Amino acid sequence: MSWASQEDQLNEDSWLQTMEKEFEELHPEYDITWNNQVVSSADAATIAKQDPTVAADVFMYASDQLGTLKEANAIARMSDDAVEQIETQYEGSESMIQSVTGDDGYLYGAPFGGNTWFMYYRKSKFTEEDITSLDAMLAKGKVSFPLTNSWYLPAFYMGAGGTLFGEDGTDGEAGVQFGGDIGEAVTKYLIDLRNNPNFVNDSNGSGLAGLKSGAVDVVFSGSWDEPTVKENLGDDYGVAALPTFNLNGTAVQMKSFAGSTVVAWNPYTKHPKAADQFAAFLASTEAQRAHYEMRGTIPSDMTLASEPEIAENLVAKAQLETIARTSVVQPSIPEMANFWGPCENFGKSILGNEVTYDNARELTDKWMASYASLM
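Counting the sequence shown from 1 gives a position; our numbering is that position plus 10.
Following this line, the structure appears as structure tokens:
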């Protein structure tokens with residue numbers, strides 16, 4: 011049994027069915043009866059953890075669900091052969107390998123697609139040099155950023171060296187470390203950002219609307235907003251990986267959260283070898299290339315980045331570069347569930363002028379202390 015999205019299995023010519031036929035040709039030793047069910051990667055962990063013994067042999071999941079799946083014993087370790095394939099595909103992209111690495115150091119599934127955010131901008135406003143610096147763009151145009159969104163705000167703290175649950179995001183006891191001198195400096199930078207007349211807080215789609223009206227020149231979002239951005243900017247459409255920001259005279263690289271859509275297999279399957287092989291095959295270079303050609307889904311496989319069709323896709327280029335160079339893997343351990351609320355509230359406090367230069371250290375440290383009581 012396989013779980014996949016509805017779009018991947020609409021008919022016999024869809025991506026999943028096509029890959030199943032190719033897998034059969036590669037493995038004539040197996041007599042396979044295919045049973046495909048519609049379960050999206052977003053829902054896989056919720057369903058699988060209820061009773062892993064009846065879950066699919068092979069399924070896709072969002073990497074931030076890895077902790078949930080491991081706790082439920084609903085996901086198996088990849089074989090040595092599969093790990094070798096993954097390491098070849100993601101040489102130079104540590105984030106993707108880390109996104110499927112459990113707290114025990116083993117790989118649980120194979121990355122199939124990336125998920126992160128980057129930058130869209132109005133080309134006529136900025137030079138190629140400008141777009142490498144947030145401060146340079148703020149000097150020339152209106153920059154929209156979701157300061158109160160806890161998926162985006164950490165980019166400044168993580169860029170400056172702040173960590174969530176240790177260096178690899180798997181140590182729950184390490185907690186959130188965005189405080190101290192560096193945390194204070196970042197908070198003060200964000201106060202200056204808030205006070206900059208060229209800053210616009212992005213909320214409820216206001217950034218995209220501003221691109222269309224001309225009130226905004228830069229937004230931060232992901233591949234899901236590409237059609238709207240293209241429509242709003244037309245020939246003035248630009249996209250790039252994340253810029254740096256000037257922290258006390260030093261250029262510091264913003265770092266977004268990154269995750270992946272993952273193909274994995276069930277430890278309760280009656281056919282573990284075949285399930286492991288099929289999961290690895292669905293995430294292979296060939297399968298990701300086919301998925302891009304058939305559905306337009308940007309691959310995460312770094313070996314595909316140089317292929318002309320993908321290299322010429324500006325969004326694909328920005329996403330692959332961001333994941334490889336300017337991202338931090340979103341932790342998948344259970345403690346991460348307690349991170350979002352306090353982070354959002356702190357962003358709201360900055361935006362609402364409650365956080366000032368005088369109390370930046372105090373309130374940043376108080377924000378950090380709030381996690382100690384939650385973890």
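We put the CB at the ideal spot given by N, CA and C, even for glycine.
These figures come from a predicted structure and were not determined experimentally.
In the three-state scheme derived from DSSP, where H, G and I count as helix and E and B as strand, Ser143 is classed as strand. For Pro277, same chain residues with a beta-carbon under 6 Å away, outside a window of 5 residues either side, are Ala86 in chain order.
Rounded to whole angstroms, Met106 and Val365 show a C-alpha spacing of 35 Å.
Taking a cut-off of 8 Å for Cβ pairs, the region 190-209 and the region 290-307 do not touch, as fewer than three such pairs fall below it. Per the DSSP secondary-structure output, Gly123 pairs in a beta bridge with Thr271. Only residues of its own chain outside the window of five on either side were considered, and among them Gln19 have a CB closer than 7 Å to the CB of Gln27, listed in chain order. The continuous stretches of beta strand (DSSP E) do not include Val226, and DSSP gives it neither H nor E. Beta-bridge pairing by DSSP links Gly248 to Tyr131. For Trp350, the closest C-alpha among the options Asn159, Asn258, Pro282, Phe291 is that of Asn159. For Gln187, the beta-bridge partners assigned by DSSP are Thr173.
In its chain, beyond the 5 residues on either side, Pro156 have a beta carbon closer than 6 Å to the beta carbon of Tyr162.
Ranking Gly171, Gly190, Glu183, Asn258 by CA distance to the CA of Asp202 puts Asn258 first. Around the Cβ of Val68, a 10 Å sphere holds 16 or more other Cβ atoms; the residue is buried. Your pair Gly176 and Ala184 checks out as a contact, with CB atoms roughly 4 Å apart and the cut at 8 Å. Shortest Cα-Cα distance from Ser233 to any of Thr279, Thr126, Trp44, Met70 involves Thr126. Secondary structure of Val239 (DSSP, three-state): helix.
Note that the C-beta distance between Pro164 and Phe255 is not below 8 Å. Between Gln99 and Thr295, the C-beta spacing is below 8 Å.
Counting along the chain, Phe33 sits inside the alpha helix (DSSP H) bounded by residues 25-36. Annotation: the region 276-326 contains the following complete segments of the alpha helix (DSSP H) (minimum length 4 residues), in chain order: 282-292, 295-305, 318-321. Taking 8 Å as the cut-off, the beta carbon of Tyr381 is found no closer than this to the beta carbon of Pro344.
Per DSSP, Thr43 lies in no beta strand (DSSP E) and is assigned neither H nor E. In the same chain as Ala92, and ignoring 5 residues on each side of it, the C-beta atoms closer than 8 Å to its own belong to Leu117, Ala120, Asp286, Gln287, Ala289, Ala290, in chain order.
Beta-carbon to beta-carbon, Gly189 and Thr307 are separated by about 39 Å, too far to satisfy the 8 Å threshold.
For Ile360, the number of other beta carbons within 10 angstroms of its own is at least 16, and it is reported as buried.
Counting along the chain, the unbroken alpha helix (DSSP H) around Ser380 starts and ends at 370-382. For Gly151, same chain residues with a beta-carbon under 6 Å away, outside a window of 5 residues either side, are Lys135, Asp227 in chain order. When the beta-carbon positions are compared, Met70 and Ala54 come within less than 8 Å of each other. Secondary structure of Ala92 (DSSP, three-state): helix. The three-state secondary structure of Trp161, taken from DSSP, is coil. Rounded to the nearest whole angstrom, the CA to CA distance from Asp140 to Leu148 is 9 Å. Ala328 is positioned such that its CB atom lies no closer than 8 Å to that of Ala379. The C-beta distance from Met312 to Gly102 rounds to 6 Å, short enough to fall under 8 Å. Using a 10 angstroms sphere on the CB of Ser383, the tally of other CB atoms stays under 16, which defines it as exposed. Counting only the Cα atoms, Pro341 lies some 20 Å from Met88. Here DSSP, grouped into helix, strand and coil, assigns Ala72 to strand.
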